[in-house]
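Protein chains in written order, with this note's numbering: chain R, 56 to 549; chain Z, 10 to 301; chain S, 1315 to 1635. Have a look at the structure below, then the notes.
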Amino acid sequence: MDELLVVEDLHRSFDGFPAVRGATLRVRTGEVVAVIGPNGAGKTTLFHLITGVLEPDRGRIVFAGQEITRWPAHRRCRLGLSRTFQIANVFPRLRVFDNVHAAVLARQRKEFELLRPAARFAREEVLEILERTGLVDKQDHLAGTLSHGDQRILEIAVALASRPRLLVLDEPTAGMSPEETSATLDLLTRLNREQGLTILFCEHDMAVVFAVAHSIAVMHQGRTIVQAPPEEVRRHPEVQAAYLGTSGVEPALTPQRPRQARAVPMLEVEGLHAYYGQSHVLFDVSLCVHEGEVAFLLGRNGAGKSTTLKSIAGLLPPRQGRIRHRGQDITGLAPHLISRLGIGYVPDERRIFPDLTVLENLEIAARPTGPWTLERVFDLFPVLREKRHHRGGHLSGGEQKMLAIARALVSNPDLLLLDEPMEGLAPILVRALEERIQELKKTGLTVLLAEQNVQAALRLADRGYVIDDGRIRFEGTVEELSANTEVRRRYLLV
Amino acid sequence: MDPSAVLGQLLVGLSRAMILFIVSAGLSLVLGVLRVPNIFHGSLYMIGAFVAWTVAEVLRDRAAGLWVALLVAPAITATVGLVVERTLLSRLYHREHLMLILFTFGVMLILNDLVKLAWGPTYRSLVPPPELQGSTLVLGVALPRFHLVLFVAGPVVAAALWWFAHRTRVGKIARAAAVDREMVAVLGIDVSRVFALAFVVGCFLAGLGGALVAPTTSITLGMDHALLIESFLIVIIGGLGNLWGALAGSLLFGVTQSVGLLIWPQFAVAFPYALTVAILLVRPAGLLRSVW
Amino acid sequence: MVTGARVATVALVAALVAAPAFLPPFYVYLLALILVMGLLATSLNLVLGYGGLYQFHHAVFYGIGAYVLAIGITRLGWPAWWGFLVGPVAAALAGFVIGFFCVRLVRLYFGMLQLSLGSFVWIVALRWYPVTGGDNGIHGIPLPPNLLGLQNAYYTILAVVGGCLVVLWAIVRSPFGLLLQAIRDNPQRCQVVGVDVRAHQLAAIVIAAFFAGIAGVLYVVLERSVFPNMLFWVLSLEILVMCLLGGWFTFPGPLVGAALIVTLRTLVGRHTEYWTLVLGVLLIFLIFFMPEGVVGSIGEWLARQRPQPLKRPVPARDTHG
């Protein structure tokens, strides 16, 4: 088999932040290759570079014998490179049929066919693709109204319409139920075996990866550590350390003593249903956090952690359900009012203000209603004191995360919503951040910690929840979760 | 070409640039923070000119007539802006962008007709107070004395805006809101108040520009049209939301047009437009960085 | 088209053909004007509603079509038929040049660049007195005898506009139209599916400009004059309002909007000289209470009576910037 895709030493930075530095990849015709790595490792950026959504700063990409490094995306597609996106990226206002139809028409180069009605072309081909992917019954539905899992499958259908030689899939099973995941797996396996379709995908679901991949490439901090058959990768020491988050001799999860529950919980969420437009993303989510405790909200990518926190912070008003803060109903309040009631929110994308200095970022958030002064926050994060006159945009990713947390702290919240603070950080920084959060915990601050990094979360928290596919699947203490291998394997993959 | 003629034209262009800057800075501020191109910005400029005329007429015998006008006119346009923003515009922030733009267009249509209703179609002129009449020598060139006021007003406005944006808490919040309004809300700040403030300041500047231009030109209906387009072009070539860009753009505009009069008088008006096209072809996002 | 709509269209066409027989000349003139404006607005809607582009200065292409015809006949001695051909082609060419630079930008930047380039054309027309007549424009443009007179002008306009609308309707339903809407909804997706987004958008702009140029030429047939305000940005915004008023996610919307605006302007103009005030209030009312426009709202109301899902696209919440 010869090599269909070769990626050599690819580099790409954003505003000084190196998302990809030295990525390599080799995909042979007919293979299924998986790319794995923690969040922030650069997988999605790499896929954007391969498919032409972004241009690299350095490096080479060769596809089907042609160097396509700087080709525009549509040219790559015409050469046989198709992709799906991490967040379902269909045409929401067109019907399912039209979604695939548009792609088929583009492939047939009919885009400048002006006078004859579109309905006359390629009907059979569209129906055939819909049959193959199991969407034919839903062809008249508006794509934006489909369930999340169906939208991901529609994406695959749209990608197939281009008759690709290489199909690039960005986390194809993210946010899917186990049934949908195995249906997608079947589809991909069939496409590979029956039609010889070469597949490149990235995933967090290790079960999927080890089940289908012929070759696995492991990325960490923008670099490819190794690319090898699955068994070799599983045993590779660097991979175990970097990705699986453990060097194999991790101490057992030590349970924390649960704090005393007060009469009125700090935060109560009851029966929350939330939607992104037409897409129903949270189903009957209920949780509560008691004063002084650190509660975990664990789940994979796309499980609904960020959405839950956004709902509580007021950025995504729920359609049903209630949110109470110290007994007071805050459902549907404007975000700035919720913040003033004492709820601090640290989003996973950091979202610091790049044009303002570190000091200015903190100044505009500061509120004198509690113990957190600028000085105290600088004591907690000394690097921020050092760089206080630097513009926010010039900080490294880890420093920006600290700034985001510091910024929430100076508003003196009594409840802190932390969304994936460890994401994309190097292990040393993860440790450092863990220590800081431990210190915060000692001050009696209540924290709701949403994380993918199960180990770290369980070291910090007392009790909490596991969420998957927008539904709460588990509630209990750290001890109970450590003992429950079923839940951990099914929803958290550890 | 006679060097003193060139110098003369340069100075005239410079004084024109000061007006353009004051008006464009207001437009740029609104565009930067609210991301709305305010189509009735020009109407406020026109209202500023007419109000200044009325105030000066009423206070005709008082020496301070013009100075009072320079305060009252922008105050009135700022109030108009505040009322429109609080009652109607703020309800549209969550809507499609195009709707906001069309809304400001609707307000422009209404305001323009209200001006016609209030002042009628004839044109007015405003005579500056005696101490500012006549001309004076600047660098050996004769210039209307009133233009000295413009040479002071421009830099003062620039300095005040810079200080507001970089040294006040509200200004920093406004800069943050321009980039990420949701995050500013999450920090406990009522973003709509920030928007209102930015909008009011923008409208104030429009009125101030109108009041300042009143003694130098005829005050008529339709004086807003050409100026609005010019302000937009200046903001576009300067970089959306960028204060220094507005200054640079205004200088380029003012100077190009007035020097153009020496080269090709018939088409001098078109020179700044040609310059805009040239700049945008090379740097479509503007000369300087835009705020978002 | 649904049967009900088909019947209505046939009835409408029949009425329009018969109109000069029983309407006084002033109303025939109004109808002709509505048809011209309707074509102009529909051509704008191709890129605005179906393409999702911020086409802020569409009037430029209309004005260029008209001026090229006028200048050709009066200054260059062209035969009228030659002018009728070259006018729209010149407009299409302008669409290509202006569009070429604009498609490199997105959304608001696109619109503002177009506004700048279009304004440059306007000011040249305003100043180039010997060629364009400057402020005054050009009047009394001679036309072949079978186009002179209101009736002849009306039927010509009716025939041409009718033909153009049929073509535009076909374009909207063609693969080109489908992909244009797909680009509106998700340009990034279209790129990875093999569509050259910029080329596609540019083509749409050129087509829209061509039809706008035809509208400009038809205006000359009706009025036998051209004015610089045909190139002015205020007119561009007025056409936008027509699309909004009628409903910019529908095909007949812009036509309906044009009819309403022209009629209202005439009616209101009889009682007051403050038509722009009325227009402004109307526009604000629309934005707050009827953002789907007249046709859109009727469509929504009808859909609520029927149980099936709507097939036409639903306007989504846009993000700023």
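Even glycine gets a Cβ: it sits at the ideal position worked out from N, Cα and C. In this text the structure is predicted, and so the values were computed from the model without any measurement.
Which residue from I1519(S), T1590(S) and H1585(S) puts its Cα closest to that of H1256(S)?
For residue 1256(S) there is no data in the structure shown, the boundaries of chain S being 1315 and 1635.
Going straight from the alpha carbon of G277(R) to that of P482(R), what length do you get?
Residue 277(R) sits at position 222 when you count from the first residue of the first sequence. Residue 482(R) sits at position 427 when you count from the first residue of the first sequence. Cα to Cα, the separation comes out at about 14 Å.
Are the stretch 504–516 of chain R and the stretch 328–335 of chain R touching by the rule of at least three beta carbon pairs closer than 8 Å?
Output reads no: the stretch 328–335 of chain R does not touch the stretch 504–516 of chain R.
Nonlocal neighbours in the same chain, by C-beta distance under 7 Å from V1461(S), ignoring five residues either side:
For the purposes of this step, residue 1461(S) is taken as the residue at position 147 of the third sequence. Per the sequence shown, residue 1461(S) should be read as Leu rather than Val. Counting only Cβ-Cβ distances below 7 Å, and skipping sequence neighbours, we find A1467, T1470 and V1535.
Is A78(Z) closer than 8 Å to A87(Z) when the C-beta atoms are compared?
Mapped onto the second sequence, residue 87(Z) falls at position 78. Mapped onto the second sequence, residue 78(Z) falls at position 69. No, they are not a contact pair.
Can you check whether the CB of T424(R) is closer than 8 Å to the CB of N356(R)?
For the purposes of this step, residue 356(R) is taken as the residue at position 301 of the first sequence. For the purposes of this step, residue 424(R) is taken as the residue at position 369 of the first sequence. No; because the gap between Cβ atoms is not below 8 Å, this pair is not in contact.
Residues of the stretch 358–387 of chain R with a CB closer than 9 Å to any CB of chain Z: list them in chain order, please.
A368, G369 and L370
Inter-residue CB distance, M477(R) and E454(R) (contact presumed, cutoff 8 Å)
Stepping through the first sequence from its first residue, residue 477(R) is reached at position 422. Stepping through the first sequence from its first residue, residue 454(R) is reached at position 399. Not quite, the Cβ-Cβ distance comes to about 14 Å (not below 8 Å), so this is no contact.
Give me the Cα-Cα distance between D70(Z) and P139(Z), rounded to the nearest whole angstrom.
Position 61 of the second sequence, counting from 1, holds the residue named residue 70(Z). Position 130 of the second sequence, counting from 1, holds the residue named residue 139(Z). Between D70(Z) and P139(Z), the C-alpha separation is close to 11 Å.
Where do the ends of the alpha helix (DSSP H) carrying D434(R) lie?
Taking the first sequence and counting its residues from 1, one reaches residue 434(R) at position 379. Per DSSP, D434(R) belongs to the alpha helix (DSSP H) from L429 to L435.
Do L1457(S) and V1342(S) have their C-beta atoms within less than 8 Å of each other?
Here residue 1457(S) is taken as the residue at index 143 of the third sequence, counted from 1. Here residue 1342(S) is taken as the residue at index 28 of the third sequence, counted from 1. No, they are not a contact pair.
Assuming A294(Z) contacts G250(Z) under a Cβ cut-off of 8 Å, what Cβ separation, rounded to an integer in Å, is found between them?
As a working mapping, residue 294(Z) is identified with position 285 in the second sequence. As a working mapping, residue 250(Z) is identified with position 241 in the second sequence. Their Cβ separation, rounded to whole angstroms, is 12 Å, which puts A294(Z) and G250(Z) out of contact at 8 Å.
Would you verify that the beta carbon of T1590(S) is, or is not, closer than 8 Å to some beta carbon of chain Z?
For the purposes of this step, residue 1590(S) is taken as residue 276 along the third sequence, with counting starting at 1. So yes, T1590(S) belongs to the interface.
Compute the Euclidean distance between the alpha carbons of I31(Z) and F262(Z), then round it to the nearest angstrom.
Working through the second sequence from its first residue, we reach residue 31(Z) at position 22. Working through the second sequence from its first residue, we reach residue 262(Z) at position 253. Cα-Cα distance, rounded: 13 Å.
Checking the sheet assignment: what are the DSSP bridge partners for H380(R)?
Here residue 380(R) refers to the residue found at position 325 when the first sequence is read from its first residue. Its beta-bridge partners are L322(R) and Q383(R).
D233(Z) beta carbon less than 8 Å from that of G57(Z):
Your numbering for residue 57(Z) matches position 48 in the second sequence. Your numbering for residue 233(Z) matches position 224 in the second sequence. No, Cβ-Cβ distance for G57(Z) and D233(Z) is not below 8 Å.
Do you know how far the Cα of D1449(S) is from the Cα of L19(Z)?
Within the second sequence, residue 19(Z) is the residue found at index 10, counting from 1. Within the third sequence, residue 1449(S) is the residue found at index 135, counting from 1. Approximately 28 Å, taken between the alpha carbons.
Whole alpha helix (DSSP H) runs in the stretch 38–79 of chain Z with 4 or more residues, listed along the chain?
50–67
Spatial distance of F408(R) from V300(Z) (CA atoms)
As a first step, residue 408(R) is located in the first sequence; it is residue number 353 there, counting from the start. As a first step, residue 300(Z) is located in the second sequence; it is residue number 291 there, counting from the start. Rounded to the nearest angstrom, the two C-alpha atoms are 12 Å apart.
Is there a Cβ of chain R sitting closer than 8 Å to that of F1525(S), yes or no?
Working through the third sequence from its first residue, we reach residue 1525(S) at position 211. Chain R, which has no Cβ nearer than 8 Å to the Cβ of F1525(S), makes this no.
Alpha helix (DSSP H) containing M33(R): first to last residue?
In this structure chain R extends from 56 to 549, so residue 33(R) is not present and cannot be described.
Over the uninterrupted alpha helix (DSSP H) stretch that includes V1570(S), give me the two end residues.
By one-based count along the third sequence, residue 1570(S) stands at place 256. Looking at the DSSP string, the run of the alpha helix (DSSP H) that includes V1570(S) is G1567 to H1585.
Could you check how far apart the C-beta atoms of S134(Z) and I228(Z) are, in whole angstroms? I think they sit under 8 Å.
By 1-based counting over the second sequence, the position of residue 134(Z) is 125. By 1-based counting over the second sequence, the position of residue 228(Z) is 219. Contact holds; Cβ gap of about 7 Å.
Assigned exposure category for E541(R) - 16 Cβ within 10 Å defines buried
Counting from one through the first sequence, the residue named residue 541(R) turns up at place 486. By the neighbour-count rule (16 or more Cβ atoms within 10 Å), E541(R) is not buried but exposed.
Which chain S residues are close to D199(Z), counting only those with a beta carbon under 9 Å from its beta carbon?
Here the question's residue 199(Z) lines up with position 190 in the second sequence. Near D199(Z) there are no residues of chain S at all, since even the closest Cβ is about 18 Å away, more than 9 Å.
Could you name the residues of the stretch 1482–1505 of chain S whose beta carbon sits closer than 8 Å to any beta carbon of chain R, in the order they occur along the chain?
A1484, I1485, R1487, S1488, P1489, F1490, G1491, L1492, L1493, Q1495, A1496, D1499, N1500, Q1502, R1503, C1504 and Q1505
Three-state secondary structure assigned by DSSP to A162(R):
Position 107 of the first sequence, counted from the start, is the residue given in the question as residue 162(R). Note on residue identity: the sequence assigns Arg, not Ala, to residue 162(R). Helix.
Assuming L255(R) contacts V223(R) under a Cβ cut-off of 8 Å, what Cβ separation, rounded to an integer in Å, is found between them?
The count along the first sequence starts at 1 and reaches residue 255(R) at position 200. The count along the first sequence starts at 1 and reaches residue 223(R) at position 168. L255(R) to V223(R), Cβ: 5 Å. Contact.
Compute the distance between the beta-carbons of L243(R) and V264(R), then report whether it is under 8 Å.
The residue you call residue 243(R) lines up with position 188 of the first sequence. The residue you call residue 264(R) lines up with position 209 of the first sequence. Contact flag unset, no.
Option in L230(Z), L270(Z), I246(Z) and A26(Z) with minimal Cα separation from Y132(Z):
On the second sequence, residue 132(Z) is found 123 positions in, with the first residue counted as 1. Comparing Cα-Cα distances from Y132(Z) to each of L230(Z), L270(Z), I246(Z) and A26(Z), the minimum goes to L230(Z).
Spatial neighbours of D410(R) within its chain, please: CB distance less than 6 Å, with the 5 preceding and 5 following residues excluded, ordered by chain position.
Position 355 of the first sequence, counted from the first residue, corresponds to residue 410(R). Counting only Cβ-Cβ distances below 6 Å, and skipping sequence neighbours, we find nothing.
Any beta carbon of chain S sitting closer than 8 Å to that of P285(R)?
The residue given as residue 285(R) occupies position 230 in the first sequence. Not one chain S Cβ lies under 8 Å of P285(R).
Express the C-alpha separation of A207(Z) and F49(Z) in angstroms, rounding to a whole number.
The residue given as residue 49(Z) occupies position 40 in the second sequence. The residue given as residue 207(Z) occupies position 198 in the second sequence. F49(Z) and A207(Z): Cα-Cα distance of roughly 15 Å.
Relative to the alpha-carbon of F173(Z), which residue among V210(Z), S201(Z) and V150(Z) has its alpha-carbon at the smallest distance?
Along the second sequence, read from residue 1 onward, the residue named residue 173(Z) stands at position 164. The shortest Cα separation from F173(Z) among V210(Z), S201(Z) and V150(Z) belongs to V210(Z).
Give the single residue among A143(R), L136(R) and A538(R) whose Cα lies nearest to the Cα of G332(R).
Residue numbering aside, residue 332(R) sits at position 277 when the first sequence is read from its first letter. That would be A143(R), whose Cα lies nearest to the Cα of G332(R).
Taking C-beta pairs closer than 8 Å, name the residues in chain R that L297(Z) reaches, listed in chain order.
Locating residue 297(Z) in the second sequence gives position 288, where the first residue counts as 1. The premise fails here: L297(Z) is roughly 13 Å from chain R at the closest Cβ pair, so nothing lies under 8 Å.
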